[in-house]
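Residue numbers (UniProt numbering): 1 to 246.
Cβ atoms here follow ideal geometry from the backbone N, Cα and C, with glycine treated the same way.
This report refers to the structure that appears directly beneath it.
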Ligand code: FPP
């Protein structure tokens, strides 16, 4: 177990949980078994992140593009999500975790939305880690939606287009009020962002591991966090400038 420096943890950790299908295939199991095992990893990682002091954890659980998967897999994933959210609320309460969802919620089945509403309401006053699930989420769609609403607000005089800046634009995104991720982990060896938080990841440190999501454990999480702590974040400045600021 690596020793982590509490003052150098990412405030916001985002994770692209990938490789459930390959994990299952390698074991001659059905893809859904990989997703079921993936849920166990979600449970453990959520608890670990809350325990070490991560402020915001955002998990990419279902993309806008995932609707195109075979119907049986989509149905199974929706059923898993519903079950997960329902069963996790007591644990979120125990761990003081607040729950949120980003994405096109109207595309989700009503039964899933019901569990989401319930979990959001019940955890609303918790003051610990914010756990956000990205569901039916696509970053381009999110930005396009923001542009459409900004144009409407400009046309109706609600906002002045000449005053539009990064802060105002961010306020039109699903992630309004959530700081940009400091650190992104993607499992399973794929090295791409896959339409996840494209605006928000501008200065995020990226970490890719070959480990499939069902095999990603606490030791892997600590290894990744240790890697983050050893990095220098310059935000476009030079090392010398950073040193003179601190
Ligand atoms: C990627 O594996 C994973 C997903 C599409 C969804 C992630 C879902 C879970 C971890 C389970 C449900 C989540 C929650 C929060 C309850 P993949 O199917 O793309 O794997 P592959 O690339 O190996 O085929």
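Thinking residue i and residue j are a contact (beta carbons under 8 Å), I'd like their distance in whole angstroms, please.
i	j	result
residue 61	residue 29	20 Å between Cβ atoms; not a contact.
residue 209	residue 224	7 Å
residue 101	residue 130	So it is not a contact: roughly 11 Å between Cβ atoms.
residue 221	residue 48	6 Å
residue 96	residue 141	Not confirmed; about 32 Å, so no contact.
residue 93	residue 123	7 Å
residue 146	residue 164	Actually they are not in contact, since the Cβ atoms of residue 146 and residue 164 sit about 11 Å apart, beyond 8 Å.
residue 143	residue 199	6 Å
residue 4	residue 52	6 Å
Taking all protein chains shown into account, decide if residue i is buried (16 or more other Cβ within 10 angstroms of its Cβ) or exposed.
i	result
residue 181	buried
residue 230	exposed
residue 13	buried
residue 203	exposed
residue 18	buried
residue 42	buried
residue 238	exposed
residue 26	exposed
residue 241	exposed
residue 191	exposed
residue 235	exposed
residue 50	buried
residue 151	exposed
residue 98	buried
residue 232	exposed
residue 88	buried
residue 115	buried
residue 121	exposed
residue 175	buried
Grab me the residues of residue i's own chain with a C-beta within less than 6 Å of its C-beta, minus the 5 sequence neighbours each way, in chain order.
i	result
residue 37	214
residue 107	136
residue 157	none
residue 112	78, 81, 82
residue 76	32
residue 110	none
residue 159	153
residue 189	210
residue 119	85, 89, 99
residue 168	none
For residue i, which residues in the same chain have their Cβ closer than 7 Å to its Cβ, ignoring the five residues on either side in sequence?
i	result
residue 34	20, 21, 23, 24, 214
residue 11	55, 56, 179, 182
residue 161	154
residue 6	53
Below 8 Å CB to CB, which residues in the same chain sit around residue i once its five sequence neighbours on both sides are set aside?
i	result
residue 15	45, 57, 58, 59, 60, 184, 185, 186, 187
residue 63	134, 136, 137, 138, 194, 195, 196
residue 207	183, 184, 185, 186, 224, 227, 228
residue 40	214
residue 128	50, 95, 96, 97, 98
Can we count residue i as close to the ligand GDP, meaning its CB is less than 8 Å from some heavy atom?
i	result
residue 25	The ligand content of the structure shown is limited to the ligand FPP, which means the ligand GDP is not among them.
Whole alpha helix (DSSP H) elements within the stretch 26-101, 4-residue minimum: 31-52, 71-94
In chain order, each alpha helix (DSSP H) run of at least 4 residues that lies wholly inside the stretch 125-208: Annotation: the stretch 125-208 contains the following complete segments of the alpha helix (DSSP H) (minimum length 4 residues), in chain order: 139-155, 166-171.
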